[in-house]
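Q: Dumping the structure here so I can ask a few things about it.
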Amino acid sequence: MGLSHSQILHACEEREEAYTICCEVLSQLKEKIPDSVDIKDLTPMIQETGGMLARMSDADLLGMKETDNSSLRFTLKFYTLLCYISYFSRSNMLPFACCRMAHLTLEHGVCQYSVLGLASYCGCLCQAAKQASVIREMGRVGKVVMNMLKRFDSSAIMPYVYHFYYGYMSTHTVPLQLCTYNLRVGFKVAISSGKYAYVAFLNSIHIVRTALLSGQNLSTLLKETDYYLQVMTQFRNKITMPYLSAYRETISLLIDKGESLGSQNKMAGHDGNAMTSNAVNAERCNETIYFNHVLQSFWLGHSQRCNYYSKKILEIQSLGSHNRLMILFYAALNAVRAKNNNKNGSKLATAKILYEAISALRSSAELAPLNFSNKAYLLEAEMLSFERKHQEATYSYAAAINSSCSSGCVHEHGLACELAGYHYKKIGEAVTALDCFQKSKQ
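Just so we're aligned: 333 in my numbering is position 257 of the sequence shown, and the numbers increase by one with no gaps anywhere.
Written out as structure tokens, the structure is:
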């Protein structure tokens, strides 16, 4: 009764009451739920859980026995709900709940909610990770978890697992297009059940984000985003709507500089201040706002605005690892653009952001070359051109163009061709420059 009641409250956006019910029930199940959690408090728990996982091979994880402990299953089920209530209202509690679910699983055995616990643990660590070694280990465990999912009737937990795995983890390890595809599967399963609409809407945010970054046709993506917003309106879901609306604004601006924004505002029933008025978690809200402002200002050529929001988002301590990589990429390109347009700019500052971004993207490219190699090559080309190493820059521009073409990142392929064109123009190769400019528009 407690679970269904808290689910109803959460669906009706009574998150604080739903959170309180979850905590009360978990306390009755002899779980100690702190009032708040600091990252310093979590470190020992994360290290202990991580150590347990590191000592287990893939076969060990897959061979874990199913638990017949009904109390454990009930506990994990409530932690599942606590994860999603915490996601927007108390994000500092999300890592605690994920870590506790993983720890209980490793200690007592698996059930279907254990799969979600391990997936959420891996997703949270990937989201916070700044080292490729952490992402590589979580990727290993994540693949095992996806195989483990086949052992259970997964319709009840599959949308949750897909949200964490393809929304946070796989963006570092598999092509973004594959992430988008599987997130769409998760959305369809969740929305068709009628019980897990809020999970479907979380998946929809990641669908639009990964589709945008992977170069999907913008007009098609705009229609898909409007569909998600329409469904959210029908379900009266105000939690996720502002976040998706931010991406919708970016897509519209890139298509027609925002002329189609008006119809969406009427349909969604909110104005331009929706992000700050409806979003509960200020830091998560700001991350989405700033991320989209960076995308908008970069692609529309507003260098100062891009630089401002890049600095703002990089100051967020809980900034997601994949968002950080994308911001470093655009911030570095923007720094070169600004320096080329303003000869009084700081050469040292430009070189610093370039080297930082290249280092991060090179490491990431080892795990997911189709997602990051073209970005690393393009930054290397811009750095070499910036340093007047023209022959080496030529090779890197070619590598960036070929890599972006292979990965299917249409927007970044056009960008690589355009920047290569400016490079060739600068060194006096007008014919090659014209060819690159023409390819950038195809």
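Glycine included, every Cβ here is placed at the ideal spot set by N, Cα and C.
Since the model is a prediction, treat every value here as computed from it, not as a measurement.
Keeping to the same chain, check which residues put their C-beta closer than 7 Å to that of E432; ignore five residues upstream and five downstream.
A: Around E432: L404.
Q: Going by DSSP, what residue range makes up the alpha helix (DSSP H) through F513?
A: A506 to S516 is the span of the alpha helix (DSSP H), which, as asked, contains F513.
Q: Is the stretch 208-215 in contact with the stretch 148-164, if contact means three or more CB pairs nearer than 8 Å?
A: They do not touch, by the three-pair rule.
Q: So, for V217: in the same chain, excluding its five sequence neighbours on each side, which residues have a beta-carbon less than 6 Å away from its beta-carbon?
A: Cβ neighbours of V217 beyond the five flanking positions: L129 and C198.
Q: Skipping 5 residues on each side, what residues in its chain have a beta carbon closer than 8 Å to that of R464?
A: Cβ within range, chain order: n/a, list empty.
Q: Nearest to I331 by alpha carbon, out of G490, L298, L409 and I434?
A: With distances taken between Cα atoms, I331 lies closest to L298.
Q: Is it right to say T296 is buried, meaning 16 or more other beta carbons lie within 10 angstroms of its own, or is it exposed?
A: With fewer than 16 other Cβ atoms within 10 Å, it is exposed.
Q: Please report the residue range of the alpha helix (DSSP H) in which I25 lies.
A: Look at the range of the chain in this structure, 77 to 518, and you will see that residue 25 is not part of it.
Q: So, helix, strand or coil for V261, using DSSP?
A: Note: V261 maps to helix in three-state DSSP.
Q: Within its chain, find whatever has a CB closer than 6 Å to the CB of H282; leave out the 5 residues flanking it on each side and keep chain order.
A: Counting only Cβ-Cβ distances below 6 Å, and skipping sequence neighbours, we find G243 and L259.
Q: Quick one, which of A476, A436 and S483 has its alpha-carbon nearest G497's?
A: Selected option, being the one with the closest Cα: A476.
Q: Expressed to the nearest angstrom, what Euclidean distance is found between the alpha-carbon atoms of V370 and K387?
A: Taking the straight line joining both Cα atoms gives about 10 Å.
Q: For V186, name the three-state secondary structure that DSSP assigns.
A: The answer is strand: DSSP assigns V186 an E or B state.
Q: Apart from the five residues just before and just after T301, which ones in its own chain have a Cβ nearer than 7 Å to its Cβ?
A: These residues qualify, in order along the chain: V284, L320, Y323, R324 and I327.
Q: For Y241 and V275, I'd like the C-alpha separation in whole angstroms.
A: Computed Cα separation, rounded: 13 Å.
Q: Per the contact definition of three or more C-beta pairs closer than 8 Å, is the stretch 284-293 in contact with the stretch 248-266?
A: Contact holds: three or more Cβ-Cβ distances are below 8 Å.
Q: Is E463 helix, strand or coil when you go by DSSP?
A: In the structure shown, E463 sits in coil (DSSP, three-state: anything other than H, G, I, E or B).
Q: If V221 sits next to V191, beta carbons under 8 Å apart, how far is it from one beta carbon to the other, in whole angstroms?
A: The pair is a contact, with the Cβ atoms about 6 Å apart (cut-off 8 Å).
Q: Is DSSP giving E442 helix, strand or coil here?
A: Three-state DSSP puts E442 in a helix.
Q: I'd like the list of long-range same chain contacts for M351, defined as Cβ closer than 8 Å, with 5 residues on each side in sequence excluded.
A: Its pLDDT being 48, under 50, M351 is placed unreliably in this model, and the value from its coordinates should be taken loosely. Closer than 8 Å at Cβ, skipping near neighbours: P318, Y319, S321, A322, C361, T364 and I365.
Q: Give the secondary structure of E391 by DSSP, where H, G and I count as helix, E and B as strand, and everything else as coil.
A: Here E391 sits in coil by DSSP.
Q: Report whether the distance from the Cβ of T125 to the nearest heavy atom of the ligand ATP is below 7 Å.
A: This structure lacks the ligand ATP; in fact it carries no ligand of any kind.
Q: For L510 and I503, what's the separation of their Cα atoms in angstroms?
A: Answer to the nearest angstrom: the Cα atoms are 13 Å apart.
Q: Helix, strand or coil: how does DSSP classify E107 here?
A: The answer is coil: DSSP assigns E107 none of H, G, I, E or B.
Q: If you compare alpha carbons, which of R166, L194 and H487 is closest to R176?
A: Residue L194 is the option with its Cα nearest to R176.
Q: So, under 8 Å CB-CB, A408 and L455 are touching, yes? Tell me the CB distance rounded to an integer number of Å.
A: Correct: roughly 5 Å between the Cβ atoms.
Q: Would you kindly check if the distance between the Cβ of N279 and the Cβ of H248 is under 8 Å?
A: Cβ atoms of H248 and N279: not closer than 8 Å.
Q: Quick check: what's the CA-CA separation for K517 versus Q467?
A: So the two alpha carbons sit approximately 25 Å from each other.
Q: Could you check how far apart the C-beta atoms of C187 and M245 are, in whole angstroms? I think they sit under 8 Å.
A: Going by Cβ atoms, the distance from C187 to M245 rounds to 21 Å, so no, they are not a contact pair.
Q: Buried or exposed: where does Y303 fall if 16 or more other Cβ atoms within 10 Å of its Cβ makes it buried?
A: The residue is exposed, with fewer than 16 neighbouring Cβ atoms inside 10 Å.
Q: Rounded to the nearest angstrom, what separates H184 and P235 at their Cα positions?
A: C-alpha separation (whole angstroms): 24 Å.
Q: Rounded to whole angstroms, what's the CA-CA distance from E62 to C512? Just pull it up for me.
A: Nothing can be reported for residue 62, as the shown portion of the chain is limited to 77 through 518.
Q: Going by DSSP, which residues form a beta bridge with T488?
A: Note that residue 488 is Glu in the sequence shown here, rather than Thr. According to DSSP, which records beta bridges pairwise, E488 is partnered with nothing at all.
Q: Can you tell me which residues form a DSSP beta bridge with E142?
A: Bridge partners of E142: V186.
Q: What's the call for A444, buried or exposed, on a 16-neighbour Cβ count within 10 Å?
A: Per the 10 Å Cβ criterion, buried.
Q: Quick one: using the 10 Å Cβ neighbour count with 16 as the cut-off for buried, is G215 buried or exposed?
A: Classification of G215: buried, given that the 10 Å Cβ count is 16 or more.
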